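Student:
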Amino acid sequence: DKRLRRARVENLERVVSDIPGPVILVAHSVGCLITVHWAQETKCAVQGALLAAPADFDNPLPPGYTDPLTLEKEGWTPIPRRQLKFPSIVVASRNDPLGKFERIQELAQAWGSRCIDAGEVGHLGPVDGFGTWPLAEELVQQL
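Residue 10 is where the sequence shown starts when you use my numbering, and the numbers rise one by one after that.
1. On a Cα-Cα basis, can you pick out the residue from V35, R12 and P63 that is closest to E115?
2. When the Cα atoms are used, what is the spatial distance from L93 to K82?
3. Leaving aside the five residues before and after P69 along the sequence, list all residues of the same chain whose C-beta is less than 8 Å from its C-beta, in chain order.
4. For my contact list, L152 and L59 are in at a C-beta cut-off of 8 Å; report their separation, rounded to the angstrom.
5. Pick helix, strand or coil for D65, following the three-state DSSP scheme.
6. Give me the Cα-Cα distance between R14 and S122, rounded to the nearest whole angstrom.
7. To the nearest angstrom, how far is it from the Cα of I125 to the Cα of F139?
8. Start and end of the beta strand (DSSP E) containing A173?
9. With a Cβ-Cβ cutoff of 7 Å, do I113 and A127 count as a contact?
10. How about A61 and H37: do their beta carbons lie closer than 7 Å?
11. Find the nearest neighbour of E129 within the set F110, A145 and E147, judged by alpha-carbon distance.
12. Determine whether the beta carbon atoms of Q118 and P89 lie at a separation below 7 Å.
13. Which same chain residues, not among the five before or five after T44, have their C-beta less than 8 Å away from its C-beta?
14. Which ranges would you report for the alpha helix (DSSP H) in the segment 38-125 if only whole runs of at least 4 residues count?
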């Protein structure tokens, strides 16, 4: 099942292991969680990761999203709290419906990530008015 965390982590491992040399990962929302779960196991060379608006699956999500029990059964929780083996930057929103700012700051600290306060930018997606995001390119250059 493609919703299972394990399947997504294995897919990321396949993709990254095919890339010669170090890579920089750029992830959003659930992609951030895939990245931190994957980082606990991989031996791939990673130069850094930009993690934008990580979803907080350890806490209940708004109505219409997957419930905590299902997320646990699918392997998404608990979210890893170990330091990542590579430099990383987390971009957190003050009004993200999928993760409270303070909680995302805590995760960033646990991962050893620098945390950027993006202000009130929702979930940093198209619904919130984001398409091309020049700040992302600037942050990637810092990794």
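Here a beta-carbon is modelled for each residue, glycine too, at the ideal position from N, C-alpha and C. Only a predicted model underlies this, so the values are computations on that prediction, with no experimental measurement involved.
Tutor: Taking the definition as stated:
1. Position 106 of the sequence shown holds residue 115. The shortest C-alpha separation from E115 is found at P63.
2. Counting from 1 along the sequence shown, the entry for residue 93 is found at position 84. Counting from 1 along the sequence shown, the entry for residue 82 is found at position 73. Their Cα atoms are separated by approximately 24 Å.
3. Position 60 of the sequence shown, counted from the start, is the residue given in the question as residue 69. Here the set comprises D76 and P77.
4. Translated into the one-based positions of the sequence shown, residue 152 becomes position 143. Translated into the one-based positions of the sequence shown, residue 59 becomes position 50. Going by Cβ atoms, the distance from L152 to L59 rounds to 7 Å, so yes, they are a contact pair.
5. To locate residue 65, count along the sequence shown from 1; it is residue 56. D65: coil per DSSP, three-state reduction.
6. Numbered from its first residue, the sequence shown carries residue 14 at position 5. Numbered from its first residue, the sequence shown carries residue 122 at position 113. Each residue's Cα considered, the two are about 22 Å apart.
7. Translated into the one-based positions of the sequence shown, residue 125 becomes position 116. Translated into the one-based positions of the sequence shown, residue 139 becomes position 130. So the alpha carbons of these two residues sit roughly 17 Å apart.
8. Because the chain here runs from 10 to 152, residue 173 falls outside it and cannot be looked at.
9. Within the sequence shown, the letter at position 104 stands for residue 113. Within the sequence shown, the letter at position 118 stands for residue 127. Contact: no.
10. By 1-based counting over the sequence shown, the position of residue 61 is 52. By 1-based counting over the sequence shown, the position of residue 37 is 28. In contact: A61 and H37 (Cβ atoms closer than 7 Å).
11. The count along the sequence shown starts at 1 and reaches residue 129 at position 120. Selected option, being the one with the closest Cα: F110.
12. Stepping through the sequence shown from its first residue, residue 118 is reached at position 109. Stepping through the sequence shown from its first residue, residue 89 is reached at position 80. No; because the gap between Cβ atoms is not below 7 Å, this pair is not in contact.
13. Locating residue 44 in the sequence shown gives position 35, counting from the first residue. Counting only Cβ-Cβ distances below 8 Å, and skipping sequence neighbours, we find L21, L34, A36, A58 and L60.
14. Listed in chain order, the complete alpha helix (DSSP H) runs (minimum 4 residues) inside the segment 38-125 are 39-48, 77-82 and 110-120.
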